[in-house]
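> Note that the first sequence ends on residue 548 in this note's numbering; no numbers are left out.
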Amino acid sequence: MALKVYNTISGRKEDFTPVTEGKVKLYVCGVTVYDHCHIGHARSAIVFDTIYRYLCSKGFDATYVRNFTDIDDKIIKRSHAENIPWQEVGETYIRSFYEDMDALGVLRPNHEPRATEHIADMIDLVQALIDKGHAYNIDGDVYFSVDSFRNYGQLSGRPLEEMISGARVEVDEKKKNPLDFALWKASKEGEPSWDAPFGAGRPGWHIECSVMSTLYLGNPFDIHGGGKDLVFPHHENEKAQTEAATGKKFVNYWVHNGFVNIDREKMSKSIGNTLLIRDFLREYHPEVLRLFYLSNHYRSPVDYSGQSIEDINTALHRLYYTRERALEAQKGKTFEERSYPQADDIARKFTEAMDDDFNTALALSHVFELSKEINRMVDEKDESAVALIASAEAVYESLAATLGLLGDDLASLESREKVRHLARMGLDVSFVEDAINDRVEARKNKDFQKADEIRNMLADKGIMLLDTPKGTQWRIKTSVS
RNA sequence: GGCGGCAUAGCCAAGUGGUAAGGCGACGGUCUGCAAAACCGUUAUUCUCCGGUUCAAAUCCGGAUGCCGCCUCCA
Numbered sequence: 068m069a070l071k072v073y074n075t076i077s078g079r080k081e082d083f084t085p086v087t088e089g090k091v092k093l094y095v096c097g098v099t100v101y102d103h104c105h106i107g108h109a110r111s112a113i114v115f116d117t118i119y120r121y122l123c124s125k126g127f128d129a130t131y132v133r134n135f136t137d138i139d140d141k142i143i144k145r146s147h148a149e150n151i152p153w154q155e156v157g158e159t160y161i162r163s164f165y166e167d168m169d170a171l172g173v174l175r176p177n178h179e180p181r182a183t184e185h186i187a188d189m190i191d192l193v194q195a196l197i198d199k200g201h202a203y204n205i206d207g208d209v210y211f212s213v214d215s216f217r218n219y220g221q222l223s224g225r226p227l228e229e230m231i232s233g234a235r236v237e238v239d240e241k242k243k244n245p246l247d248f249a250l251w252k253a254s255k256e257g258e259p260s261w262d263a264p265f266g267a268g269r270p271g272w273h274i275e276c277s278v279m280s281t282l283y284l285g286n287p288f289d290i291h292g293g294g295k296d297l298v299f300p301h302h303e304n305e306k307a308q309t310e311a312a313t314g315k316k317f318v319n320y321w322v323h324n325g326f327v328n329i330d331r332e333k334m335s336k337s338i339g340n341t342l343l344i345r346d347f348l349r350e351y352h353p354e355v356l357r358l359f360y361l362s363n364h365y366r367s368p369v370d371y372s373g374q375s376i377e378d379i380n381t382a383l384h385r386l387y388y389t390r391e392r393a394l395e396a397q398k399g400k401t402f403e404e405r406s407y408p409q410a411d412d413i414a415r416k417f418t419e420a421m422d423d424d425f426n427t428a429l430a431l432s433h434v435f436e437l438s439k440e441i442n443r444m445v446d447e448k449d450e451s452a453v454a455l456i457a458s459a460e461a462v463y464e465s466l467a468a469t470l471g472l473l474g475d476d477l478a479s480l481e482s483r484e485k486v487r488h489l490a491r492m493g494l495d496v497s498f499v500e501d502a503i504n505d506r507v508e509a510r511k512n513k514d515f516q517k518a519d520e521i522r523n524m525l526a527d528k529g530i531m532l533l534d535t536p537k538g539t540q541w542r543i544k545t546s547v548s
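1. Please report the straight-line C-alpha distance between His364 and Tyr73, rounded to a whole angstrom.
2. In angstroms, rounded to a whole number, what distance separates the CA positions of Ile190 and Asp296?
3. What residue range is occupied by the uninterrupted alpha helix (DSSP H) comprising Glu395?
4. Among the candidates Pro408, Val445, Phe402 and Asp378, whose CA atom is the shortest distance from the CA of Glu395?
5. Less than 7 Å between C-beta atoms, sequence neighbours within five positions excluded: which residues of the same chain meet that for Gln409?
6. Would you mind sorting Ile543 into buried or exposed? The rule is 16 or more other CB atoms within 10 Å of its CB.
7. Looking at the unbroken beta strand (DSSP E) that takes in Pro270, where does it start and where does it end?
8. For Ala148, which residues in the same chain have their Cβ closer than 8 Å to its Cβ, ignoring the five residues on either side in sequence?
9. When burial is assigned at 16 or more other CB atoms within 10 Å of the CB, is Glu484 buried or exposed?
10. DSSP on Met334, reduced to helix/strand/coil?
11. With the cut-off set at 8 Å, would you say Ser163 and Gly207 are in Cβ contact?
12. Fully enclosed by the region 260-301, which beta strand (DSSP E) runs are 3 residues long or longer?
13. Where do the ends of the alpha helix (DSSP H) carrying Val507 lie?
14. Can you find the residues in the same chain that come closer than 8 Å, C-beta to C-beta, to Gly285, ignoring five residues on each side of it along the sequence?
15. Relative to the C-alpha of Asp140, which candidate in Trp272, Thr159, Thr469 and Glu229 has its C-alpha closest?
16. Between Ala559 and the rest of its own chain, which residues show a CB-CB distance below 8 Å, the 5 nearest in sequence each way excluded?
17. Find the nearest neighbour of Ser482 within the set Ala526, Leu455 and Trp541, judged by alpha-carbon distance.
18. When you compare only the Cα positions, how much space is there between Ser111 and Gly157?
19. Can you tell me where the alpha helix (DSSP H) holding Thr418 begins and where it ends?
20. Identify, in the order they occur along the chain, each residue of the same chain with its Cβ nearer than 6 Å to the Cβ of Ser280, setting aside the five sequence neighbours on each side.
21. For Asp82, which residues of its own chain have a beta-carbon under 7 Å away from its beta-carbon, when the five flanking residues on both sides are left out?
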């Protein structure tokens with residue numbers, strides 16, 4: 068079955084046909100490195116990471132590029148505010164970005180160019196646009212003339228006239244058209260600048276992506292992605308300047324992910340409700356965030372709330388418990404390999420869902436179906452079914468891996484929670500272990516009253532006890548609120 | 001003002017013409033000294049409302065109401 072991708076420019080799902088058969092060229096706008104990343108950045112990263120993983124699993128030879136914007140107004144502002152070199156601001160937050168992304172299990176793209184590594188190429192592109200009459204120079208600022216490009220507004224679906232009439236754009240007397248945007252900003256005191264034939268200065272925001280995407284991926288290339296907010300003006304402008312310069316189509320499929328709201332409110336710095344990735348990770352396992360995002364369609368807005376995250380946390384545990392039970396059932400048993408048709412059938416449905424514009428929510432429902440199927444077989448305790456369990460479990464793992472899930476092990480998933488919880492309660496492990504030992508002793512003596520007292524005492528602290536054949540184990544209540 | 005999106009069970013959330021995925025919760029059960037956890041089972045005759053098209057609509061068309069996003073730096 069063919070892959071279908073929703074293309075922003077046409078507003079519908081289209082059959083995916085790569086420029087070169089068997090290969091996919093993917094470019095995703097990365098971050099401007101002037102601050103730590105929040106969970107909105109994480110959504111974009113996780114969505115495209117999943118798309119990338121899926122394309123690879125389908126057998127495409129994928130080239131994935133994600134840039135760093137390391138020169139920009141906000142970076143300069145930060146460097147002035149903290150009185151450190153602007154390069155250092157970039158370095159600091161690139162490091163922070165990697166810490167967060169690695170923790171989230173987001174795979175590294177094939178290329179991660181930084182804007183400042185490609186200034187010379189940007190200068191060439193700006194010059195080419197000037198030469199072709201698509202750009203003009205005023206006092207060292209170079210602007211792209213939107214009137215010179217017939218298809219301006221094509222991506223965001225608004226004709227030029229409309230944008231101007233409803234315009235809330237600042238009126239700049241220098242510009243021929245209020246919508247004209249900067250390709251190059253003239254050098255200013257105290258700001259970094261590079262020499263160029265049209266005057267020293269620094270690049271505008273959009274030019275870097277035009278240069279780096281085509282340089283690494285060719286022209287046109289297959290998929291260009293980013294957050295929905297980038298459609299206008301960033302991607303519209305990238306498209307205009309690239310197509311004006313090359314005379315060729317820039318991108319075949321535009322893919323944009325929806326935004327993250329927190330408690331039904333837009334997450335933004337001005338409202339003060341941004342949640343940093345690192346702060347989230349102090350509370351939950353990284354796959355909780357991934358599962359949360361993948362449970363929603365990537366194009367829809369998603370509403371983050373404490374309750375949703377708790378629900379998802381419980382659901383993630385369920386996925387891990389299933390694998391644990393399946394492995395337990397196989398332990399020490401020998402069996403001949405057998406395929407399990409029901410699992411293959413579920414894998415097929417999973418692929419169908421993913422082929423339909425990366426419907427991860429539907430794909431996940433099939434993973435949960437398989438989880439149930441595996442549990443059912445384990446419950447039957449039928450020795451002859453072990454081979455089937457093994458086979459189903461292998462399918463289960465591979466589907467989960469495609470979504471970037473089940474990359475950890477249960478012990479680690481739980482130990483993170485334990486450490487976190489104990490720290491919050493001001494307790495330590497020995498306290499819990501001593502209590503458990505006392506209770507084991509009490510139970511041995513059939514002093515169930517005392518045993519129950521200890522259980523209740525720990526339960527009050529959010530710690531649950533499990534009497535298993537392997538002894539008494541403990542866990543953190545997953546939904547304490 | 002212009003453009004666009006969304007409204008599905010107690011909650012979260014898929015589904016864009018063929019008779020409602022999945023998760024959480026709740027309830028019932030297995031297990032257990034009792035529990036808990038885990039697991040299994042049950043849980044929307046119906047998709048905001050009103051019209052229309054169709055053999056057939058959550059899905060298409062028209063209208064109403066409510067919520068949200070973009071048009072300005074933003075994932």
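Yeah, the Cβ is synthetic: ideal placement off N, Cα and C, and Gly gets one too.
On the basis of the coordinates in this document:
1. Here residue 364 refers to the residue found at position 297 of the first sequence. Here residue 73 refers to the residue found at position 6 of the first sequence. Taking the straight line joining both Cα atoms gives about 12 Å.
2. Position 123 of the first sequence holds residue 190. Position 229 of the first sequence holds residue 296. Answer to the nearest angstrom: the Cα atoms are 26 Å apart.
3. Locating residue 395 in the first sequence gives position 328, where the first residue counts as 1. Glu395 -> alpha helix (DSSP H) spans Gly373 to Gln397.
4. As a first step, residue 395 is located in the first sequence; it is residue number 328 there, counting from the start. When each option's Cα is compared against that of Glu395, the closest is Val445.
5. As a position in the first sequence, residue 409 is number 342, starting the count at 1. Taken in chain order, the residues that qualify are Glu440.
6. Here residue 543 corresponds to residue number 476 of the first sequence, with the count starting at 1. So Ile543 ends up on the buried side.
7. Taking the first residue of the first sequence as position 1, residue 270 is located at position 203. Per DSSP, Pro270 belongs to the beta strand (DSSP E) from Gly268 to Pro270.
8. For the purposes of this step, residue 148 is taken as the residue at position 81 of the first sequence. Hits under 8 Å: none found.
9. On the first sequence, residue 484 is found 417 positions in, with the first residue counted as 1. Classification of Glu484: buried, given that the 10 Å Cβ count is 16 or more.
10. Here residue 334 is taken as the residue at index 267 of the first sequence, counted from 1. In the structure shown, Met334 sits in coil (DSSP, three-state: anything other than H, G, I, E or B).
11. Reading the first sequence from its first residue, position 96 is the one you call residue 163. Reading the first sequence from its first residue, position 140 is the one you call residue 207. Not closer than 8 Å, so no.
12. 268-270 and 288-294
13. As a working mapping, residue 507 is identified with position 440 in the first sequence. Val496 to Lys511 is the extent of the alpha helix (DSSP H) around Val507.
14. Working through the first sequence from its first residue, we reach residue 285 at position 218. The answer, listed in chain order, is Val86 and Lys92.
15. Residue mapping note: residue 140 aligns to position 73 of the first sequence, counting from 1. Of the listed residues, the one whose Cα sits closest to Asp140 is Trp272.
16. Residue 559 lies beyond the range of the chain shown here (68 to 548); nothing can be said about it.
17. Against the first sequence, residue 482 aligns to sequence position 415. Among Ala526, Leu455 and Trp541, the Cα nearest to that of Ser482 belongs to Trp541.
18. Within the first sequence, the letter at position 44 stands for residue 111. Within the first sequence, the letter at position 90 stands for residue 157. Roughly 20 Å between the two C-alpha positions.
19. Taking the first sequence and counting its residues from 1, one reaches residue 418 at position 351. Thr418 -> alpha helix (DSSP H) spans Pro408 to Asp422.
20. Start at 1 with the first residue of the first sequence, and residue 280 comes out as number 213. Closer than 6 Å at Cβ, skipping near neighbours: Tyr94.
21. Locating residue 82 in the first sequence gives position 15, where the first residue counts as 1. The residues are Ala69 and Lys71.
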